[in-house]
Every structure is written in C-alpha cells, then in structure tokens.
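One structure below.
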Amino acid sequence: MKDNELTIIDELRGFTDIYIVKELTASKLVLVFEDWDNTDDGGEVLDDATTTTYKKIS
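The numbering of the sequence shown is the numbering used here, which starts it at 1 and goes up by one.
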C-alpha cells in the first residue's frame, strides 16, 4: 500500500485492481483471495484460498 492506494496485481489472470483506502485504523489488514471452480451441476466449489497480511507502518 502506497499513498492510500492498495494495488493488487494478478499476473496469472492478467488483471490489476487499485483500491483507495480512506482510513486504516487496525494494526494489520488481511486479504483473502478465493479461487472458485464451476461444478458439473452448475454450482461452484471453493478450489483454493490464499491469505495475505499487511502490517500497518506508523
């Protein structure tokens, strides 16, 4: 996170998301990235979840 912008780049899928953080009062931020797969019956199943933790720097 730099200058109140959190940039998430997914090189595998080819996209970049930029989030503006208005206020961060917690000591850490934990993001969870979920990878869902489609099932044969038209539903979805969670294939994988990855967590990333960012610590606040004062």
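Even for Gly, the Cβ is constructed at its ideal location relative to N, Cα and C. Keep in mind the model is a prediction, meaning the values are calculated, not measured.
Please determine, among the options, the residue with the shortest C-alpha to C-alpha distance to residue i.
i	options	result
Asp10	Phe33, Val21, Asn4	Phe33
Tyr19	Leu31, Val30, Asn4, Glu44	Asn4
Lys56	Asp17, Gly14, Thr16, Val21	Val21
Identify whether residue i lies in helix, strand or coil by the three-state DSSP scheme.
i	result
Leu12	coil
Val45	strand
Lys28	strand
Ile18	strand
Per the DSSP calculation, residue i is bridged to which residue(s)?
i	result
Asp37	Val45
Lys55	Lys28
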